[in-house]
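Enquirer: In the numbering used here, the protein residues as written are 3 to 289.
1. Compute the beta-carbon to beta-carbon distance between residue 25 and residue 160, rounded to the nearest angstrom, for a pair I have assumed lies under 8 Å.
2. On a Cα-Cα basis, can you pick out the residue from 229, 70, 153 and 212 that is closest to residue 204?
3. Under the DSSP definition of a beta bridge, which residues are partnered with residue 154?
4. Could you pull the DSSP bridge partners for residue 73 from this structure?
5. How is the beta strand (DSSP E) around residue 146 delimited, first residue to last?
6. Within 9 Å of any Cβ in chain B, is that where the Cβ of residue 15 sits?
7. Helix or strand or just coil, what does DSSP make of residue 22?
8. What is the DSSP secondary structure of residue 205, reduced to helix, strand or coil?
9. Roughly how many angstroms separate the alpha carbons of residue 11 and residue 250, rounded to a whole number?
10. Can you check which of these residues, 177, 136, 48 and 52, is closest to residue 147 by C-alpha distance?
11. Buried or exposed: which applies to residue 246, given that a residue is buried once 16 or more other Cβ atoms fall within 10 Å of its Cβ?
12. Check each candidate in 261, 258, 185 and 226 and name the one with the smallest Cα separation from residue 151.
13. Taking DSSP as the reference, what is the three-state secondary structure of residue 36?
14. Spatial neighbours of residue 22 within its chain, please: C-beta separation below 7 Å, excluding the five flanking residues on both sides.
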């Protein structure tokens, strides 16, 4: 626990003795109220745990964490890792942010042939369960931010014993550095109207069999807001979200005029291809 607004740094380094599995669980809990907070913000500034590999098994592509991983959960249950690093039966990962967050952390030295979003089989009303976080942090001056939906977050780090991965050279480096702070309260819900004289806020309707696609209709009668997953954190890496906007009613003799804008648009910064190999990152401003 801690006070609202104060950033607390936390660093974990690889243990010296590595003949046994290394498991480290961290429980972060907001105590409640304006002083102790209701939610958490976790910012990863440095991340190197294991590696994310894309393997072909028969005709199928499979993403897999090797040589260690981090698991992030918002469950109220006391989870979850055994000596093998896997969850006990009944434990679950929570929230869209948690599952999407692995796409921000995981990084490929070479991009996969297909978009990551196509590697997961989706059915109606389901979100992909990305599972584990591993690899190297994508280069960013701001780090990667995660915002909890509740008042508690559990981070669990697992590293296998050296004997399980063979030669020492295959282990790779390990390091985790982050800051966390407690937020005073949840932001106003999008369905609530903060301006009684203005239109209702609308975040779009989910498109079936997709992870993040949204559909908007008749935004002349409501305030439509296009918001990416993990907002206000970083946009999901290697993911494409489609937003469909239409106007059903058009007065005779008129044409629909759809306008998309953002306040303070000069602050927009879009990375155009940073990787582990390249140290520089080209940016496109005012997109």
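Ideal Cβ placement from N, Cα and C applies to all residues, glycine included.
Expert: To lay it out plainly:
1. 5 Å
2. 229
3. BP columns for residue 154 point to 31.
4. 158
5. 146–149
6. Any reference to chain B falls outside this structure, which holds one protein chain only.
7. coil
8. coil
9. 51 Å
10. 48
11. exposed
12. 185
13. In the structure shown, residue 36 sits in a helix (DSSP, three-state: H, G or I).
14. 163
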